[in-house]
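Below: the structure, in structure tokens.
In the working numbering, the protein residues as written are 25 to 382.
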């Protein structure tokens, strides 16, 4: 009874049309080519209607190349493959699907002229050309826009990205057999060149400024520059790193560079006076002293008997001459020659006296 039912079901045309997919056979992987560019897989992708690009994948290194073909005809395909073969050589085997470009006479002539074995996958079974099909999906997801610039970026990003299948190496490194300088290498620091540059800069700096090592003892009294104009006494606490130090200023610990410390002892009573005469300070003479020097030179000995504006004057002297006005400072530079303005009333009178012409 059971064999009869089974035979009836197998002979039913409607059951054959609506039956589920059969159990898959064991996977038959492609043989390992052993080296790059022995077997390549080709496929077309169409991210936008009427805008297609060709994908070429190396079976060994997973290295990929792609380009838009306008129009996507067999002639443009053969023209593109000639450029690829010129750059990378001729492969032994090409695997494609059954697209019209791959079954054309032009493509068959190309394979025959270069002695290339052309293998085509089963119709409607993309698994047979899985490497190319997988790469088509990867590039489609990576495209920002359906143009050449976006496609070039997507291809470069894939070829220069480490792959776990390739033991952490990039497809480009496996394909060419060497490490390539990718666009991403621009962002990597050259650790071998930095120490050499730093040593050269240090030698030039030390020679130019005549540097020498400096050491301070803990608790040593120093002078520290808090800013460009203020220097105060401090106590050295500790050294921080190669060129920094902690010093105590009025009970507060501040951090300063060693170039901002001076080895000198300042007494509390002399702190303000010492600060004015530290290296880098300038003593500015008042303007009255300069003008008085010119006055004394012009007046002779009579100027010596009169007290100057900036010299100390005793109260007795002020009492003797309460109405004496201080002598104003004379002008150092000569004044500008003043020109008397024109009197236009005189010109008006001359005009009346001038004879008028008829």
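The beta-carbon is built from N, C-alpha and C at its ideal position, and this holds for glycine as well.
Quick caveat, the model's predicted, so the values are computed rather than measured.
Would residue 116 be called buried (16 or more neighbouring beta carbons within 10 Å of its own) or exposed? exposed
Do you know how far the Cα of residue 269 is from the Cα of residue 260? 8 Å
To the nearest angstrom, report how far apart residue 68 and residue 107 are at their CA atoms. 17 Å
Should residue 124 go down as buried or exposed, given a rule of 16 or more other Cβ atoms within 10 Å for buried? exposed
First through last residue of the beta strand (DSSP E) which encompasses residue 66: 63–72
Spatial neighbours of residue 155 in its chain, beta-carbon cut-off 7 Å, leaving aside the 5 residues before and after: 65, 81, 83
Any idea what DSSP makes of residue 222, helix, strand or coil? helix
Would you say residue 92 and residue 172 are within 8 Å of each other, going by their C-beta atoms? yes
Under 8 Å: do the segment 180–199 and the segment 223–234 share three or more Cβ pairs, one atom per stretch? no
Residue 327, DSSP secondary structure in three states: In this prediction, residue 327 has a pLDDT of 40, which is less than 50 and means its spatial position is unreliable; nothing more can be read from the coordinates.
Burial state of residue 285, where buried means 16 or more other Cβ atoms lie within 10 Å: buried
At 4 residues or longer, and completely inside the segment 117–171: list those alpha helix (DSSP H) runs for me, N to C. 129–137, 154–166
So residue 186 and residue 86 are supposed to be a Cβ contact under 8 Å. How far apart are they, rounded? Incorrect: roughly 11 Å between the Cβ atoms, too far for contact.
Which residue wins for smallest C-alpha separation from residue 257, given the options 233, 263, 243? 243
Residue environment, residue 121, which counts as buried when at least 16 other CB atoms sit within 10 Å: buried
Is the beta carbon of residue 78 less than 8 Å from the beta carbon of residue 51? no
Can you pull the DSSP bridge partners for residue 268? 264, 281
Cα separation between residue 141 and residue 181? 30 Å
So residue 240 and residue 246 are in contact, right, with Cβ under 8 Å, and what is the actual spacing, rounded? 7 Å
Ends of the alpha helix (DSSP H) at residue 108? 98–112
Counting C-beta neighbours from all protein chains within 10 Å, is the total for residue 29 16 or more, i.e. buried, or is it exposed? exposed
Spatial distance of residue 148 from residue 139 (CA atoms): 27 Å
Going by CA-CA distance only, name the one from 175, 129, 151 that's closest to residue 98. 129
Give the DSSP-derived three-state secondary structure of residue 32 in the structure shown. helix
In angstroms, rounded to a whole number, what distance separates the CA positions of residue 164 and residue 174? 10 Å
Which residue wins for smallest C-alpha separation from residue 126, given the options 114, 105, 113, 178? 105
Length of the line joining the Cα atoms of residue 153 and residue 35: 33 Å
In the structure shown, what three-state DSSP assignment does residue 85 receive? coil
In angstroms with no decimal places, state the Cα-to-Cα distance between residue 189 and residue 281. 53 Å
Can you tell me the Cα-Cα spacing of residue 184 and residue 275, whole angstroms? 59 Å
Where does the unbroken beta strand (DSSP E) through residue 245 begin, and where does it stop? 245–249
Member of 253, 273, 279 whose CA lies at the smallest distance from the CA of residue 265: 279
Starting from the Cα of residue 178, find the closest Cα among 191, 192, 162 and give me that residue. 162
Just to check my reading of the structure: residue 143 and residue 160 have Cβ atoms closer than 8 Å, yes? What is that Cβ distance to the nearest angstrom? With 8 Å as the limit, residue 143 and residue 160 do not qualify as a contact, their Cβ atoms being about 18 Å apart.
In whole angstroms, what is the alpha-carbon distance linking residue 71 and residue 57? 30 Å
Secondary structure of residue 228, DSSP reduced to three states: helix
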